[in-house]
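Q: If you scroll down you'll find the structure; I have some questions about it.
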Amino acid sequence: MPEVSREDLRRFCEGMPVGIFSNLTDDQLDAITHITNRESFENDQVIIEDGSDGDTMYLLLSGKVRVTKKLMIKAGKTISESEKEIIELPAEWNPYFGELALFDPTSIRTATVAGSEGGEYGVIKNADFLALADGDHDIGYFVLRNVLVKQVGVIRKANENTLNLTTALSFALTSR
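Here the numbering used here = 1-based position in the sequence shown + 1.
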């Protein structure tokens, strides 16, 4: 399988809310190519499993993935598990996922990511990234900063959802 190229990684200098490799030089992107492995996936192949440990980050190079979240539903005394689809991500959006694993090799996955249209992804392992960042602190700084910008947005959205759910629960309890 062909190696991940600088041009492949350059796509991830842009994205919403921020590209994970934003502000990196071509030489720094070249260094990242040496620790990034290209792998393929099929339709419905699980790449990340919600609740599992993870020490790798993924860059979607081609195809599409579906992100789902496990939900626990209580009906009476019975608790059942279900999955809710959150979003489908095409490679054209330059999505990356599992990025917290770059900084925490025992991170717990918070969603399931599975192929919805077969393609390829780049894989970066925690130990390889940390060794690279130890040798080039700018790589570590910029990637960490970009991950934090993304995670601040996630936290902000979680806070909004918590407020909305708390408000709805409050209305439901007072209307009884």
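Beta carbons are placed, not taken as given, at the ideal position from N, Cα and C, and that holds for glycine.
Indicate whether ILE36 and ILE140 have their beta-carbon atoms separated by less than 8 Å.
A: no
Q: Residues in the same chain with beta-carbon distance under 8 Å from TYR97, minus the five sequence neighbours each way, listed in chain order, please.
A: PHE13, GLY16, ILE21, MET58, TYR59, LEU60 and LEU61
Q: Would DSSP call ILE178 helix, strand or coil?
A: It is not possible to answer for residue 178, since the shown part of the chain is limited to 2 through 177.
Q: What residue range is occupied by the uninterrupted alpha helix (DSSP H) comprising SER171?
A: 138 to 175
Q: Tell me the residue span of the alpha helix (DSSP H) that contains GLU8.
A: Looking at the DSSP string, the run of the alpha helix (DSSP H) that includes GLU8 is 7 to 11.
Q: Near SER6, what residues of its chain come up, given a Cβ to Cβ distance below 7 Å and the 5 sequence neighbours on each side ignored?
A: THR34
Q: Using DSSP with H/G/I as helix, E/B as strand and the rest coil, what is ASP54?
A: strand
Q: Considering Cα atoms alone, identify which of LEU131, GLN29, ASN147 and GLY119 is closest to LEU90.
A: GLY119
Q: Taking Cβ positions, are LYS85 and LYS70 nearer each other than 8 Å?
A: yes
Q: Could you please give me the residues that DSSP links to PRO91 through a beta bridge?
A: LYS65
Q: Please classify ILE156 as buried or exposed, where buried requires at least 16 neighbouring CB atoms within 10 angstroms.
A: Flag for ILE156 reads exposed.
Q: With burial defined as no fewer than 16 other Cβ atoms inside 10 Å of the residue's Cβ, what is the status of ILE88: buried or exposed?
A: exposed
Q: Using the C-alpha atoms, what's the distance from ASN162 back to SER171?
A: 14 Å
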